[in-house]
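Line by line, the protein sequences are chains A and B. Each step along the first sequence adds one to the number in the numbering used here, with nothing skipped, and position 67 is 67. Each step along the second sequence adds one to the number in the numbering used here, with nothing skipped, and position 495 is 1495.
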Amino acid sequence: MHVPAAADFRRAADARYWRAAVRLTVALLVVWAALGLGCGVWFADWLNGFSLGGFPLGFWFAQQGAIVGFVVLILVYALAMQRLDRRHRRELGR
Amino acid sequence: MSVQAWTFVMVGLTFSLYLWLAFRARVRDTEGFWVADRGVPAPLNGMATAADWMSAASFLSMAGTISLLGYAGGVYLMGWTGGFVLLALLLAPYLRKFGHFTVPDFVGDRFESNGARIVALCCALFISFTYVAGQMRGVGIVFARFLEVDVDVGVAAGMALVFVYATLGGMKGITWTQIAQYWVLIVAYVVPVVAISLQLTGNALPQLGMGGNVAATGVPLLATLEQIHRDLGFPSYTEPFTGSWDRVNVLCTTLALMVGTAGLPHVIVRFYTVKNVQAARWSGFWALLFIALLYLTAPATAAFARYYVFDGLHGKTAEELPGWYHTWAKTNLLVWLDDGDGRLEYHGPQQQAANELFRIGGLPSDELARVRSAHDAWLASGGRDGVDGRVVLTAKKLSGPDADILVLATPEMAQLAAWIIALVAAGGLAAALSTASGLLLVISSSIAHDFYFRILRPSASEAQRLRVSRWAIGGAVIVAGVFGVFPPGFVAETVAFAFGLAASSFFPVLVLGIFSARIGTVPAIAGMLAGILFTGGYIIGTVYFGMSRWCFGIGPQGIGAIGMLVHFAVALGLQPFCAGPSAVAQAMVARMREPDS
């Protein structure tokens, strides 16, 4: 049997979930670009004017900092999506 | 025990382990053969992905390349790790939810076209064959250098091993051996560097030691390198944008490597082997964590090796040169052409005329021998006779040592124990074999699954498909071995091509297929073709036909980034004028975005 109210609710919940997931993805990708392409490349010569424990900062970002940042970004993504999944499941009453 | 005896022990032990694991993991159906029954836990899949991804090039050549490039080496470090962020956030969870066996599967089904499937299939085959040739060669080279057997014998031994475990266990066998190979390669990579860091800087963490002081002099290591580089005419080690690595090229190359990494089929298929979407996200995290262990160590190896090269070689007489110099001089990866004063001098491009240290590169060994004897005649006659070999080799761009020796030679430079040097050989083999097996699986799945089953004979039975799968992987091993024995001369250039192709074909089409519900067949195929033709044309044009680098001066390595933009622009530009996807494909997209339905 067709139940329009339930189907509409389901569609709206799915749309909310997807919008939140895309927002999170875009936010993390902005950080990704700022870290790798920004600090590691574009501003590297300027950042090299500062130093961090024996490293010129731009050089450190290109060879160490960006990589550490990338690992953290995926960790944050996996945790945040897990929360989002849980909320979505609760909304749908599963 | 000698290094060679230790190497036989280490290689024998690790090879037996791989075979035993493969025998335990043998499979009976295509689900097991292609996606390891989709039952690999996320951390283990992370290890397997890490081993799959880190190739002979990552293990053997990367640190050496960074050592010679300094700051610009970060292009490889950031490019090859940053791609995993794109993979984990944009592709892996959705492709896992989509739940097929291969990348061409997704392209063909989402865009409802066998034409798109075939384009994707050809890209997958090209990328994988390009890559696998280098791996098999890597296996042969490690055998040749450490066990003093012929390169071809080494290739054959590696082939036989991969043949057994890939045909027996398919993806399942490959997964379990890759997990073991990860540990072999990471231990082999990190242990010597920790020992060197302790010795050189007194710090057990190489990542900190690199920024610390040289214990013998009390001067910071990086400052010491800067000083040496300045004195001997090299561009700065830590300052960005020297020589041909200007800002635009560093940016584009980094981006192209990132996007290319995310589009490599043998890495993507690893995410099909986990239980569900959440496990796919987590294995993205574990994979990059395990990869980062090596990638954060490599720049330290690079800086230490750079120091040892100057410290050990520059200004030394033949008697003073260290043992490792003599080992590697035999292979011609280090070539010393003296100016007559009996001291080796190593100079950079700004004092090119004084440099005496070269490498054989792609030169045939008899030609190098001719250069050497002409040089000796030139020295003996005081310049009246013969030819100055330094001028000849400089003109051929063969100044400086070969990047490949640095990882293999650093344990010897620091005079570490024989068993550690043997461990490095086993690690190099693990890195090459794990990547080769992942690539071979993609090649055989393209043929057996995408071509035979999805296009040629959709009615094939399970038993038939499994048989074709085994034949295909066996055939692929043999072809890869032939490439290893008779390496096509263009391998080095084609690696840039493989990344460019992955960046300009797979990555955009997958992202569009997942994140746009409105892109249909025509824009997708047009986008793929535009990306491939632009990138391929530019690389072939600039490398082989002397075309100028008209696109912002970008070199062939970085053009994939622009190719990706061309692909996106063409596909999105055509989309309003072409038919959208059918209701079936739209439902597919909707299902893919919902985590658990």
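From the three backbone atoms N, C-alpha and C, an ideal C-beta is built for every residue, glycine too. Predicted model, so just to flag it, every value in this text is computed and none were measured.
Residue burial classification, residue i (beta-carbon count within 10 angstroms, cutoff 16)
i: Gly-53(A); result: exposed
i: Pro-56(A); result: buried
i: Gln-975(B); result: Given a span of 1001 to 1597 for chain B in the structure shown, any question on residue 975(B) remains unanswerable.
i: Lys-1172(B); result: buried
i: Trp-32(A); result: buried
i: Gln-1178(B); result: buried
i: Gly-1560(B); result: buried
i: Ser-1399(B); result: buried
i: Tyr-1544(B); result: exposed
i: Leu-1533(B); result: exposed
i: Val-1085(B); result: buried
i: His-88(A); result: buried
i: Ser-1446(B); result: buried
i: Gln-1227(B); result: exposed
i: Phe-1023(B); result: exposed
i: Arg-11(A); result: exposed
i: Ile-1478(B); result: exposed
i: Phe-50(A); result: exposed
i: Phe-1106(B); result: buried
Span separating the alpha-carbon of residue i from that of residue j
i: Ala-1057(B); j: Ile-1141(B); result: 12 Å
i: Ser-1236(B); j: Ala-1072(B); result: 10 Å
i: Leu-79(A); j: Arg-1247(B); result: 35 Å
i: Leu-1091(B); j: Phe-1098(B); result: 11 Å
i: Leu-1087(B); j: His-1375(B); result: 52 Å
i: Leu-75(A); j: Phe-1577(B); result: 40 Å
i: Leu-1168(B); j: Trp-1020(B); result: 11 Å
i: Pro-1043(B); j: Pro-1192(B); result: 25 Å
i: Ala-1571(B); j: Leu-1565(B); result: 10 Å
i: Gly-1536(B); j: Ala-1498(B); result: 10 Å
i: Ala-1353(B); j: Leu-1222(B); result: 26 Å
i: Thr-1201(B); j: Gly-1108(B); result: 55 Å
i: Val-1267(B); j: Thr-1254(B); result: 18 Å
i: Thr-1273(B); j: Asn-1213(B); result: 46 Å
i: Val-1139(B); j: Val-1485(B); result: 11 Å
i: Val-1259(B); j: Ser-1504(B); result: 8 Å
i: Leu-1429(B); j: Leu-1125(B); result: 23 Å
DSSP-derived helix/strand/coil call for residue i
i: Phe-55(A); result: strand
i: Pro-1220(B); result: strand
i: Trp-1550(B); result: coil
i: Phe-70(A); result: helix
i: Arg-1518(B); result: coil
i: Arg-1343(B); result: strand
i: Trp-1183(B); result: helix
i: Trp-1336(B); result: strand
i: Leu-75(A); result: helix
i: Thr-1238(B); result: coil
i: Ser-1399(B); result: strand
i: Phe-1101(B); result: coil
i: Leu-47(A); result: helix
i: Asn-1114(B); result: helix
i: Phe-1358(B); result: strand
i: Thr-1331(B); result: coil
i: Asn-1249(B); result: helix
i: Asn-1203(B); result: coil
Among the options, the one whose alpha carbon lies nearest that of residue i
i: Leu-1344(B); options: Ala-1585(B), Glu-1356(B), Gln-1351(B), Gln-1352(B); result: Glu-1356(B)
i: Gly-1481(B); options: Ala-1050(B), Val-1162(B), Ala-1042(B), Val-1009(B); result: Val-1162(B)
i: Ala-1051(B); options: Thr-1410(B), Gly-1427(B), Val-1085(B); result: Gly-1427(B)
i: Ala-1305(B); options: Thr-1224(B), Ala-1369(B), Arg-1270(B), Cys-1252(B); result: Thr-1224(B)
i: Gly-69(A); options: Val-30(A), Trp-46(A), Arg-90(A); result: Val-30(A)
i: Glu-1239(B); options: Gly-93(A), Gly-58(A), Ala-66(A), Leu-84(A); result: Gly-58(A)
i: Leu-1146(B); options: Phe-1129(B), Thr-1007(B), Cys-1551(B); result: Residue 1146(B) is actually Phe in this sequence, not Leu. The candidate whose alpha carbon is nearest that of Phe-1146(B) is Thr-1007(B).
i: Gln-1350(B); options: Gly-1233(B), Phe-1451(B), Val-1392(B); result: Gly-1233(B)
i: Ile-1474(B); options: Gly-1012(B), Tyr-1165(B), Leu-1069(B); result: The sequence given here has Gly at residue 1474(B), not Ile. Nearest of Gly-1012(B), Tyr-1165(B), Leu-1069(B) to Gly-1474(B), Cα basis: Tyr-1165(B).
Proximal residues, the stretch 1257-1278 of chain B versus chain A, C-beta separation under 9 Å
Met-1258, Val-1277, Gln-1278
Anything in the stretch 1514-1534 of chain B with a Cβ closer than 8 Å to a Cβ of chain A? List those residues in chain order, please.
Phe-1515
Where the stretch 1449-1463 of chain B meets chain A: residues whose CB sits under 8 Å from a CB there:
none
Taking only beta carbons into account, state which residues of the stretch 1201-1222 of chain B come closer than 9 Å to chain A, listed in chain order.
Gln-1207, Leu-1208, Met-1210, Gly-1211, Gly-1212, Asn-1213, Pro-1220, Leu-1221, Leu-1222
Going along the chain, which residues of the stretch 1241-1258 of chain B sit with their C-beta nearer than 8 Å to a C-beta in chain A?
Phe-1241, Arg-1247, Val-1250, Leu-1251, Thr-1254, Leu-1255, Met-1258
Selection of the stretch 1286-1305 of chain B by Cβ proximity to chain A, strictly under 8 Å:
Leu-1288, Leu-1289, Ala-1292, Tyr-1295, Leu-1296, Pro-1299
Using a Cβ-Cβ cutoff of 9 Å, what residues of the stretch 1070-1082 of chain B are near chain A? List them in chain order.
Those would be Gly-1070, Tyr-1071, Ala-1072, Gly-1073, Gly-1074, Val-1075, Leu-1077, Met-1078, Gly-1079, Thr-1081, Gly-1082, in chain order.
At a Cβ cut of 8 Å, what residues of the stretch 10-29 of chain A count as close to chain B, listed as they run along the chain?
Asp-14, Tyr-17, Trp-18, Ala-21, Val-22, Thr-25, Leu-28, Leu-29
With 7 Å as the limit, tell me which residues of the stretch 47-59 of chain A have their beta carbon closer than that to any beta carbon of chain B; keep them in chain order.
Asn-48, Gly-53, Gly-54, Phe-55, Pro-56, Gly-58, Phe-59
If contact means a Cβ-Cβ distance below 7 Å, which residues of the stretch 76-87 of chain A contact chain B?
Answer set for the stretch 76-87 of chain A: Tyr-77, Ala-78, Met-81, Gln-82, Asp-85.
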